[in-house]
Ligand SMILES: [Mn+2]
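Residue numbers (the working numbering): 28 to 345.
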């Protein structure tokens, strides 16, 4: 059985789906995508008729536009092969299509892409590897990390450290490590002592936070931090903990990428909906975490100061 998986490139929730798929399917092709390129990728997959070479097609931890879903809905051959498994609130609208399964919360609490895919695989293709404790524990760590419950409910730093392993090693090595750990052990264990990396990462983020700018943007008190996108969650969390009353949100700006500037937003208190804020700039996400991006146009200058970057991003995209 030839299976095709399109999953989210960004974090361990997207990669967790790939790990599970590799535990189950022998003939699996996987690719990793950003939220903003998935429509284009699926469109090409349809137009080139590449889908004819596969029996089952999954899109996990990602979703597609209404327009594309409508197109799929009238392509019966494709429609019968594809399944979208996602947990993002704004994708619930897709549930009117038989090929979409978007669940934000179930009896266990908030879902993640990996937890939904796991449930689906257990229902349909359960095998020995999938039924192991190590697999379900891995899935739960990913869910806790992706929903931030490791912090707000479980105080489970293993979930954070799992995400940091991914940041350190990248998709390929992380996936290999996870498959090995799950296959070789009955209970899931983090593969190595990562303490040095953890400490240096905390120190680095503290330095970024130290250099923050305090700005009022759309009437929200923003801590604006310049840092690599990888550290967005850590920095958001630090601001929340260290300055519980000073900010509504943290904005993390990564100017290091070519062609575009990814901007991540994290709420700094429980009353701010950062998804609403991101939508002003054409972005999206959840109430507590969202993102948008700004292209580096012809008027962009690499030597912009931080203040000039802030002006460029928030004046340009309004
Ligand atoms: Mn996710």
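All residues carry an ideal CB built from backbone N, CA and C; glycine is no exception.
Just so we're clear, the structure is a prediction, and the values are computed from it rather than from any experiment.
Distances from the CA of residue 186 to each of 33, 233, 225, 111 were compared; the closest alpha carbon is that of 225. Within the DSSP bridge table, the entry for residue 34 names 59, 87 as partners. Bridge pairing for residue 243: 248 [DSSP]. Check the Cα spacing between residue 39 and each of 207, 119, 59, 54: the tightest is with 59. The stretch 227-236 and the stretch 70-85 do not touch, with fewer than three beta-carbon pairs separated by less than 8 Å.
For residue 320, the enclosing beta strand (DSSP E) has its first and last residue at 316-322. When beta bridges are read from the DSSP output, residue 293 appears opposite 277, 316. Taking residue 198 as the centre and dropping the five residues before and after it, the same chain places the C-beta of 42, 59 closer than 7 Å to its C-beta, in chain order. Note on residue 140: 16 or more other CB atoms within 10 angstroms of its CB, so buried under the neighbour-count rule. With a 10 Å radius around the Cβ and a threshold of 16 neighbouring Cβ atoms, residue 167 comes out buried. For the pair residue 81 and residue 144, the CB atoms are not nearer than the 9 Å cut-off.
Not one heavy atom of ligand 1 is found less than 8 Å from the C-beta of residue 133. In terms of Cβ geometry, residue 337 and residue 319 do not form a close pair [threshold 9 Å].
In the DSSP assignment, residue 113 falls within the unbroken beta strand (DSSP E) covering 109-113. Per the C-alpha coordinates, the member of 70, 112, 54, 52 positioned closest to residue 35 is 112.
Residue burial is scored here from C-beta neighbours: residue 297 has fewer than 16 other C-beta atoms within 10 angstroms and is therefore classed as exposed. By the 16-neighbour rule on beta-carbons within 10 angstroms, residue 88 is buried.
Exclusion of the five residues before and after residue 254 leaves 235, 262, 279, 281 as the residues of its chain whose Cβ lies within less than 7 Å of its Cβ. For residue 42, DSSP assigns no beta-bridge partner whatsoever.
When rounded, the separation of the alpha-carbon atoms in residue 178 and residue 190 is 13 Å.
Close CB contacts of residue 340 within its chain, under the 6 Å cut and outside five residues either way in sequence, are with 321 (chain order). Where residue 166 is concerned, the enclosing alpha helix (DSSP H) starts and stops at 160-174.
Within a 10 Å sphere around the beta-carbon of residue 158 sit fewer than 16 other beta-carbons, which makes this residue exposed. Applying a distance threshold of 7 Å between residue Cβ atoms and the heavy atoms of ligand 1 selects 35, 38, 40, 41, 88, 114, 139, 140, 173, given in chain order. Beta-bridge pairing by DSSP links residue 29 to 54. The alpha carbon of residue 165 has as its nearest neighbour, out of 216, 305, 103, 222, the alpha carbon of 216.
Between residue 171 and residue 180, the CB-CB gap stays under 9 Å.
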